[in-house]
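Using the working numbering, read the sequence shown as starting at 198 and increasing by one per residue.
Built from N, CA and C at the ideal position, the CB exists for glycine as well.
The structure presented is a predicted model; accordingly, all values stated were derived computationally and were not measured.
Take a look at the structure below.
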Amino acid sequence: MTDTSARLIALDWGTSTLRAWLLDERGQILDQRHEPWGILQTPEGDFARAYQTVVGPWRETHPELPALACGMIGSRGGWQEVPYVAAPVDAGAIANGLIEIETGIDRLSLVPGVMQHSDATTGALPNVMRGEETQLIGVMAHQPELAQASLLVMPGTHSKWARIEHERLTGFTTHMTGELYAVLREHSILGRPARECQEDASQAASLAAFDEGLANARDAGSAGLSGQLFSVRSRVLADELSPAASLAYLSGLLIGEEVRSATVALEAQSRLKLALIGDDALCQRYTRALSYFDYADVQTISDASISGLMTIARHAGLIEPV
């Protein structure tokens, strides 16, 4: 039986996963598919076949529905590169940057990423995001207080700290905290104690070590991160830190340094509200880190991809406004 309430086929197709939803006019999920077919894991690199496998059953009963995808599928290594839209940017500008491709069973619109260009007056360096912009649009659409003036934090492999002003993304920074942690854990002397350890630290010991890392990052002063990192090894050798808890301490140092440097914007612009977007477990770590820098009652938003895709689809005229 055809569900006549369906209005949009929406996809978040990233580096490691493919999430697809059949949505009604309010963005409620009627059906969904999640596959481990990110752009680096798509079977045989055949994006069209993966798309057809996921979306094909819906197309049999909903041949006319628009389809919209965000994420790395629109990157240089994806299905087709979608040019970046220059910041500052709002939902309308993102919608105007959509491109449409033929999939073999329908036509699919791809969401552009956002590029921040160098700015000599502010010292800003070039920066890019692809996929995160959709979540930011979703948050702005449903949380007016954050849409006016906020700093939205998206922890991850490459954490984003995005400045929002008057319903526009005005600028952002990227912190390679997650990737740096993985590299140091697997390919440096700092990760060796934990790799060679035959036991896991208790939850209490890991949390205590994480907190020590946060505190040391906060109090690093002129030493900075580079002057603190070796303490992951030296504290183990001095019997101040167990090998099993050393990675938790490293995580605290890295996240603490990210928060320390990024919250300078909050000190300069105290009117900004702060919110976290992402995985609950990771956001809990960032909430704890922010508390070390006296930022309390930080809101956490689990996922705004669907909201963002619906908002972009409306601005692009793919579906009717509510």
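Work out the CA separation of residue j and residue i for me, nearest whole Å.
i	j	result
Leu348	Arg485	17 Å
Met198	Leu219	Model confidence at Met198 stands at a pLDDT of 44, short of 50, so the residue's coordinates are unreliable and nothing is read from them.
Glu232	Leu451	31 Å
Ser403	Asp397	9 Å
Ala264	Ser431	54 Å
Thr319	Arg256	48 Å
Gly310	Asp287	12 Å
His372	Arg382	17 Å
His339	Val433	47 Å
Ser488	Arg482	10 Å
Thr201	Ile298	25 Å
Arg389	Gln395	12 Å
Ala455	Thr374	Per the sequence shown, the amino acid found at residue 455 is Glu instead of Ala. The straight-line gap from Cα to Cα measures roughly 7 Å.
Glu470	Ala346	According to the sequence provided, residue 470 is Lys. The question's Glu does not apply to it. Rounded to whole angstroms, Lys470 to Ala346 spans 7 Å at the Cα level.
Cys480	Asp500	11 Å
Gly453	His259	48 Å
Which residue from the options puts its Cα closest to that of residue i?
i	options	result
Leu506	Ile226, Thr201, Ser213 and Thr212	Ile226
Thr524	Leu411, Met351, Ala217 and Ser403	The displayed coordinates of the chain run from 198 to 519. Any statement about residue 524 would go beyond what the structure contains.
Asn413	Phe427, Gln400 and Gly271	Phe427
Ile236	Asp416, Trp210 and Trp255	Trp210
Gln229	Leu307, Arg246, Ile206 and Glu222	Ile206
Gly274	Asn293, Leu322, Ser213 and Gln340	Ser213
Ser243	Met337, Thr258, Ile270 and Asn324	One detail in the question is off: residue 243 reads as Asp in this sequence, not Ser. The shortest C-alpha separation from Asp243 is found at Ile270.
Val282	Gly328, Gln238 and His259	Gly328
Pro352	Ile291, Ala472, Ala513 and Gln345	Ala472
Ala391	Gly475, Val429 and Ile474	Val429
Ile474	Trp358, Gly268 and Thr239	Trp358
Phe490	Glu364, Arg457 and Val350	Arg457
Met326	Ser306, Asp316, Leu366 and Ser385	Leu366
Who are the near neighbours of residue i in its chain, counting only those whose CB is closer than 7 Å to its CB and skipping five residues on each side?
i	result
Gly224	Ile503, Ser504 and Met507
Asp303	Arg256 and Ala264
Gln313	Ala284, Ala321, Pro323, Asn324, Gly368 and Phe369
Leu438	Ala406, Arg432 and Tyr446
Ile334	Ala288, Ile291, Gly505, Thr508 and Ile509
Gly253	Ile302
Who are the Cβ neighbours of residue i in its own chain at under 6 Å, not counting the five residues just before and after it?
i	result
Tyr248	Thr300
Leu208	Ala217 and Ala266
Ala406	Ala442, Ala445 and Tyr446
Met337	Ala344 and Glu364
Which partner residues of residue i appear in the DSSP bridge assignment?
i	result
Ala359	Leu349 and Phe369
Trp276	The partner list for Trp276 (beta bridge, DSSP) is empty, contrary to what the question assumes.
Thr497	Leu473
Glu297	Ser306
Ala217	Leu208 and Arg230
Ala325	Sequence inspection shows Val at residue 325; the Ala mentioned does not correspond to that position. According to DSSP, Val325 bridges with Met312.
Report back the beta-carbon spacing between residue i and residue j to the nearest angstrom; my notes put them in contact at under 8 Å.
i	j	result
Glu376	His355	6 Å
Val308	Ile291	6 Å
Ala513	Leu295	6 Å
Ala435	Gln425	Between Gln425 and Ala435 the Cβ distance is about 15 Å, and since that is not below 8 Å, they are no contact.
Suppose the cutoff is 8 Å on Cβ atoms and the five residues either side in sequence are ignored; what does the same chain contact list for residue i look like?
i	result
Gly516	According to the sequence shown, residue 516 is Ile rather than Gly. Arg204, Leu205, Glu222, Pro263, Met507 and Ala510, listed in sequence order.
Run the proximity test for residue i: is its beta-carbon closer than 6 Å to any non-hydrogen atom belonging to the ligand GDP?
i	result
Gly310	This structure simply doesn't include the ligand GDP, nor any ligand for that matter.
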